[in-house]
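Each residue of the sequence shown is one higher than the one before, starting from 1 at the first, in full-length UniProt numbering. Let me begin by presenting the structure, written as structure tokens, before commenting on it.
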Amino acid sequence: MGFKYLNAELVHDVLSTNNLHRKEDEEVSTERGRVIAWLRDQFEESVTTQKRPPLSICTSVKTILKDDATVFEQFKESTRIHLFKEGSYILDSITTSSAGIDDLFQWLDKTRNDLTIMMTTFVLSYEQQDSVVRLSRSMFQTILNEPVNRKKLFLVYQQQLTSESSLFDPERLQYYNKLLQMAGYQEEVDDLMVQVTRSIIQARVEMEYTGHWQAPALPSLLDWVEHQVYRRLCLIQCTPNLTLECLESMSKNELALVRTKECFDIVNSYPGSTSALEEIRICLKTTQQREKLIYTFISACDKRLLHSGANTVDVVSFYISTIRSFLIIDHRAVLLDKVCRPIRRYLKEREDTIQKIVFAMLDETEDNSLIDLANELRKGGEQNLSVDDFANDLNWVPDPIDALPDFRKGVVSDIIESLISLFDSKDIFMGEFVNVFADKLLKLTDYDTSDIMLKLELLKLKFGDSEFSSLDVMLKDFADSKATDSAIHKETDVDPQFHSSILSHLYWPALDKETFSLPSYATAEADKYAEAFTLSRKGRKLKMVPSLGTVSIDVEFADRTETYIVTPDKVAVLDLFQSPKGLQLEDVCGSLNMSDSLARRNIVYWLKAGVLQETPSGVFRVVENQEDTQRRAGASMADNHLIDDTPDDSSVNAMESYLPFILGMLTNLGATPIPKMHSFLQMLVPKDNPYTATQSQLEAYLSTLVDEDKLELVNGGSYKLKK
């Protein structure tokens, strides 16, 4: 084999007289000439095999190199320059895509062989051979470390490890590994193989398991790693650092990264994502992974959930899912405590949080979006431990080392207790329970309190008997009312359809007591009932509250009769429309001594029920014929100005998202007119939940807030906060 990359001129330059730094004698010059002549013969194109140099040549070379060490250093420098030139040529070819990675390895192999022949030819000492090997390795590594070569190496190994079985060529990669190791590139090869393997596993995880949470992913992933990736790595005699255990750890880490990115959606999909949550628990091993999960989850909550446009029920539902999900990930509840804090702060600031929670706990219907709370309450259980109870608990264990200073697992992991603890005192929750039960009791028409008593017993199991003493009195009121009502109807001629609930007002919450005049026939029955009560209960009197109660009425039209179950105020309004002439809103308010907002709501109710219709002049009349009712239902409701200006339940709920901005504005600006408030809201409300209400809708909503004693209407049509 000839020296294809080394040449005679290179050797001649080193051994020429001009390159020596001392005066040469005739004998040395003769030996140098003999060596150069022999080398020229070896570099001829016709020479295809390398012959071992004659003894005389070996002796001459040994003499030359031994006599002057400078000759060897110059030879080594010339070799370095030549290798760099040839390597640069190969690198340029690869960069311009005229050569592939195979050309690079062929050059490495050929150059290594030539250097071996050169060292044999010159009979170099061990130290000199080691010096040449280190020089060549340094040059090889310089070439191999070029980004274009590292990228092509990466792609070759990646394609081979992921290719079809028929295309997998382990011998080729073994050949590459051997050359790279000989080139002193072992550490870089190890690092390259780790990068390639990680990229293969990462691609597999993202492609196969992203968004799939219903079934376990880890078993199939680890099976693929063992029988596909690890087996091929063994076949190519790869780095021993990539053990099966290492690959499994790498796989779990990549799965943890993907699941961390999806953590918000995984929690939102609970319980359908239980398998994914279990695998997160298995894959999370380091503090850094846990911190990453916490940061990612909180960031997603801030962006996608905790904003002014979010529905409180949705936030509470997500909070419940968060509790259950993170208890699967970390049974110690340390992670749960950390990720829940922003959600807890948000819920504490929402005005309707308490109301939504209480209603949900007491509502067992399928329509309840927070049915989990009702189910949790039905489970019952012991009352939660107080701080003193924790101090005396014989089973007490210290908090986890990574827990926050104010961590309490029981408070975080118990769903109901966690919601109750949002606020500094649970008294406000107890007060809301009383309000809800009061509303339910007042809507009863048969004095049957069994369902309410059952729920009360469940609450007592959870919070204790002493918290609901007023409710016991309220239930007793209804038991007494049933007995009293039965006695009155037996002893008097009061209308059999007229019943009452007699309340001990000192124990009941403040009730809605809007005043208005009832129809004369209703007032007469109420007076008879009150008189009979006074006769049976000496020294006690009844005070009628007309805004409370339920009435079943039959409304006779020209072509039909309809039955409605409504509140007394709606009956009072409809009773005025006996005359075909119709009435205006002002007429209703004046006749019944009713507030403008209440009269509006009642008229809108009958408009939507198809009982009344509005004329262009603002007069309301009864729709006597059903055909007219259907025609009105099919027509646009845009002509009904009262409907446009009066908020129904859905529009009020929509406007409630703007309430924090309204309250903040009035706090800073004081009394503000409607046009100015309307303009400010258009600027202040974020674009993710834009302010879309009309000025008339805003005015109607502000009137509702006045009725709720949250705002006050002052002179000039401005609104301010109620003191």
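Where a beta carbon is used, it is the ideal one built from N, C-alpha and C, also for glycine. From a predicted model like this one, the values you see are computed outputs, not experimental measurements.
In the structure shown, Pro509 adopts coil according to DSSP, grouped into three states.
Note: Leu721 is bridge-paired with Leu711 in the DSSP secondary-structure output. The beta-carbon separation of Leu574 and Ser591, rounded to 12 Å, does not stay under the 8 Å limit for a contact.
The Cβ atoms of Asp477 and Ser504 lie closer than 8 Å to each other. With a beta-carbon spacing of about 7 Å, Tyr157 and Met193 fall inside the 8 Å limit used to define contacts. Ranking Leu454, Ala510, Asp446, Ser470 by CA distance to the CA of Phe498 puts Asp446 first.
Selection Asp439, Val132, Thr492 evaluated against Ser536 yields Thr492 as nearest (Cα-Cα). Val622 carries a strand assignment under DSSP once its states are collapsed to helix, strand and coil. In the three-state DSSP reduction, Leu454 falls in the helix class (H, G or I). Within its own chain, the residues whose Cβ lies closer than 8 Å to the Cβ of Cys263, once the five positions on either side in sequence are excluded, are Ile280, Leu293, Thr296, Phe297, Ala300, listed in chain order. Between Leu458 and Arg560, the C-beta gap is not smaller than 8 Å, which leaves the two residues out of contact. Non-local C-beta neighbours of Ser321 in its own chain, meaning closer than 7 Å and more than five positions away in sequence, comprise Val267, Asn268, Tyr270, ordered along the chain. Here the C-alpha atom of Ser552 lies approximately 4 Å from the C-alpha atom of Ile565. It is roughly 21 Å from the alpha-carbon of Tyr346 to the alpha-carbon of Ile371. Rounded to whole angstroms, the separation of the alpha carbons of Leu698 and Glu708 is 15 Å. Note: Gln695 is not bridge-paired with any residue in the DSSP secondary-structure output. For Thr563, the uninterrupted beta strand (DSSP E) run begins and ends at 561–566, by DSSP. Taking all protein chains in view, the Cβ of Lys543 is surrounded by fewer than 16 other Cβ atoms within 10 Å, so the residue is classified as exposed. Counting C-beta atoms within 10 angstroms of its own C-beta, Tyr719 has 16 or more neighbours from the protein chains shown and is therefore classed as buried. Counting only the Cα atoms, Val315 lies some 27 Å from Ile452. Taking a contact to require three or more Cβ pairs closer than 8 Å, the region 460–475 and the region 425–434 qualify as touching.
Membership of Leu167 in any beta strand (DSSP E) is not indicated, and neither H nor E is assigned to it by DSSP.
In the DSSP assignment, Gln613 forms a beta bridge with Arg621.
The beta carbon of Val494 sits closer than 7 Å to those of Ile488, Glu525, Lys528, Tyr529, Ala532, all from its chain and outside the five residues before and after it, given in chain order. Assigned with DSSP and collapsed to three states, Ile502 falls in coil, not helix or strand. Counting C-beta pairs closer than 8 Å gives three or more between the region 149–168 and the region 196–213, which meets the contact rule. In this chain, the beta strand (DSSP E) harbouring Glu556 covers 551–556. DSSP lists no beta-bridge partner residue for Pro342.
Here the alpha carbons of Leu442 and Asp512 stand approximately 11 Å from one another. In its chain, beyond the 5 residues on either side, Ile674, Pro675, His678 have a beta carbon closer than 8 Å to the beta carbon of Gln695.
Sequence-distant Cβ neighbours of Arg304 in its own chain, meaning closer than 7 Å and more than five residues away, are Phe264. Nearest C-alpha to Cys589 among Tyr126, Ala599, Leu659: Ala599. Between the region 126–146 and the region 202–210, the count of Cβ pairs shorter than 8 Å is below three; the stretches do not touch. Residue environment analysis places Val714 among the exposed positions, since fewer than 16 neighbouring C-beta atoms fall within 10 angstroms of its C-beta.
Residues of the same chain with a CB within less than 6 Å of the CB of Ser597, apart from the 5 flanking positions on each side, are Ser703, Asp707 in chain order.
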